[in-house]
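Read the structure below first, then the notes.
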Amino acid sequence: MKEKLEQLKTLLARVADLENAAAVLDWDQETYMPEGGVQARADQLSTLQGLAHEYFVDEEVGTLLHDLAAHLDELDYDSDEASLIRVSLRDYEKQVKVPGDLVREISRTSALGTQAWREAREKDDFSLFQPYLEKMVELKIRWAECFKPYDNIYDPLLDDFEPGMTYEQISAVFAELKPPLVELVRAISQKRDAVDDSVLKAHFDKDAQMAFGRAVAEQLGYDLTRGRIDISAHPFTTNFWRGDVRITTRLDENDVVSGLMGTIHEAGHAIYEQNTSPTLYRTGLDRGASMAVHESQSRFYENVIGRSRPFWRHFYPRLQEAFPHFKSLDFEAFYRALNKSEPSLIRVEADEVTYGLHIILRFELENDLFNGRVSVADLPEVWNARMEEYLGLVPPTDREGVLQDIHWSQGLMGYFPDYLLGSVFSVQLWEQMQKEMPGVVEQIEAGQFEDILAWLREKIHRHGRKFTLPEITARVTGGPLRWEPYMDYLRTKYGEIYGL
Ligand SMILES: [Zn+2]
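Residue numbers for the sequence shown, in this note's numbering: 1 to 500.
Here you go:
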């Protein structure tokens, strides 16, 4: 068994090296590559990713995994070895079921569809994107059908981003969350003048913004000797191994807060990946457990901590020092402006309260789409009707409606719910952390974040991909994912801000 395990690790290390090399090229493309690099970069990435896939679904890997899986009960479930076999076998059995030509066709349709989506969004013309989206939905249906039997055709799509979670489980959480969320959004809307966020707007030097963001990220625990921060159009985090985890951010000359919160969000992702166990190096397990667990970390740092009073009691004097605009703005006015909640059309700009409804809308719509209850042609109309129902707004254009997100053009159906699951889990973690660390609020007020990081590292980070979200939730909180703490958190925080 020991010998076979070593063989498996050698084969998986090749796959990890190829994937991480592709990630470096991808990072370069998003940051410093000149425009002329696009064509060659697409070829290089497709060759590397194709090789990684080929090496992974190799028969030798499959044989080794099946042989080793027969001895799984001899190993401790939590051990690196058992986890490597269990998780790799799950990945293998999934990837090996999909014919190579379907993988390639999805990849090609994604490249073309993304281009069509950009044009359609720019011209605000859904019909330009419609044929590509129809093709992509058809391909993803074929892809999902590779995993029969299932209760819901949407399940294999969800499972790709959130292993172990099904439509039934996620909709059980969202169905409970939706009515109180709609109610809270309505109550806040009636008091929308109570908070003025125009006080945050002024001119802020970009170099000073970058310096401030770096200092905050570092203080939270992002190790810049094992990472770096650059500028990109869409902020993201990438990981080549735990010794090199990079983030990007986007800065706005007229708004220091939006760039800073984006930096904190990505730093949350990066802190997670910098703290996976070194023993998982080159196994493919040295990254975040799933999209929702990842978002639970980024949204924990960005929202639960980064938009809280204790956090700003420490950082506001420093912000005032760095940006004299704030010297005349009192703390409470700043705190309220930072947390202004208002229904808006664009998901990525939504506040903590309205955000969930943007996600539930997409989750329900994807489920309807894949179960044949809504056609691609009907999407703009259905989108607008549901926006009005959930957020009281009708997008005046498709650009601000159904065309706003890139995900569907790239075939990333099933991804959206993880943003909300992550938010829900982030608050459950906060609840647990407060129980186990009674002085945590005082630590935040003092600008001390080492114990918070140590707690997250111990409970979540070091395990990498060893466990699924349901497993992590049970291990950390002793029970399943619960929506109630999240709703209580929103009600308390925004009830106070808006005097509800
Ligand atoms: Zn994120």
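C-beta atoms are modelled at their ideal positions from N, C-alpha and C, and glycine is treated no differently.
According to DSSP, residues forming a beta bridge with residue i
| i | result |
| --- | --- |
| residue 245 | 239 |
| residue 231 | 249 |
| residue 255 | 252 |
Residue i versus residue j - alpha carbon distance
| i | j | result |
| --- | --- | --- |
| residue 413 | residue 324 | 45 Å |
| residue 198 | residue 496 | 20 Å |
| residue 482 | residue 296 | 13 Å |
| residue 212 | residue 179 | 39 Å |
| residue 309 | residue 246 | 28 Å |
| residue 85 | residue 395 | 48 Å |
| residue 255 | residue 344 | 18 Å |
| residue 230 | residue 268 | 16 Å |
| residue 436 | residue 72 | 33 Å |
| residue 185 | residue 328 | 31 Å |
| residue 98 | residue 208 | 49 Å |
| residue 181 | residue 487 | 8 Å |
| residue 500 | residue 307 | 19 Å |
| residue 431 | residue 438 | 11 Å |
| residue 115 | residue 402 | 16 Å |
| residue 464 | residue 280 | 8 Å |
| residue 262 | residue 332 | 22 Å |
| residue 68 | residue 9 | 12 Å |
| residue 151 | residue 136 | 22 Å |
| residue 372 | residue 382 | 14 Å |
| residue 337 | residue 141 | 44 Å |
| residue 147 | residue 156 | 7 Å |
| residue 28 | residue 18 | 16 Å |
| residue 193 | residue 342 | 10 Å |
| residue 476 | residue 339 | 28 Å |
| residue 215 | residue 407 | 32 Å |
| residue 44 | residue 51 | 11 Å |
| residue 123 | residue 303 | 34 Å |
| residue 285 | residue 53 | 16 Å |
| residue 228 | residue 305 | 22 Å |
| residue 470 | residue 453 | 22 Å |
| residue 405 | residue 398 | 11 Å |
| residue 358 | residue 491 | 18 Å |
| residue 41 | residue 441 | 47 Å |
8 Å Cβ cutoff met for residue i and residue j
| i | j | result |
| --- | --- | --- |
| residue 248 | residue 232 | yes |
| residue 46 | residue 411 | no |
| residue 421 | residue 289 | no |
| residue 356 | residue 423 | yes |
| residue 472 | residue 353 | no |
| residue 56 | residue 7 | no |
| residue 30 | residue 240 | no |
| residue 301 | residue 360 | no |
| residue 62 | residue 32 | no |
| residue 466 | residue 88 | no |
| residue 283 | residue 21 | no |
| residue 60 | residue 11 | yes |
| residue 574 | residue 380 | Since the first residue shown for the chain is 1 and the last is 500, residue 574 is missing from the structure and cannot be characterised. |
| residue 502 | residue 274 | One cannot answer for residue 502 here, as it falls past the ends of the chain, which runs 1 to 500. |
| residue 131 | residue 468 | no |
| residue 166 | residue 177 | no |
| residue 449 | residue 153 | no |
| residue 129 | residue 143 | no |
| residue 409 | residue 113 | yes |
Residue i: CB within 7 Å of a non-hydrogen atom of ligand 2
| i | result |
| --- | --- |
| residue 89 | As for ligand 2, it is missing from this structure, which binds only ligand 1. |
Continuous alpha helix (DSSP H) assignments of at least 4 residues falling wholly in the segment 381 to 468: If we require 4 residues or more, the alpha helix (DSSP H) runs fully inside the segment 381 to 468 come out as 417 to 436, 440 to 445 and 450 to 459.
Beta-carbon distances below 6 Å to any heavy atom of ligand 1 define the shell here; list its residues in chain order, please. A residue is listed when its beta-carbon falls short of 6 Å from at least one non-hydrogen atom of ligand 1; in chain order these are 265, 269, 295 and 298.
Note down, one range per segment and in chain order, each beta strand (DSSP E) of at least 3 residues found wholly within the segment 268 to 338. Complete beta strand (DSSP E) runs here, min 3: none at all.
My parser needs the alpha helix (DSSP H) runs of 4 or more residues fully inside the segment 167 to 219; what are they? Here the runs fully enclosed are 167 to 189.
Which runs of the beta strand (DSSP E), 3 residues or longer, sit entirely within the segment 21 to 54? DSSP runs (the beta strand (DSSP E)) wholly in the segment 21 to 54: none.
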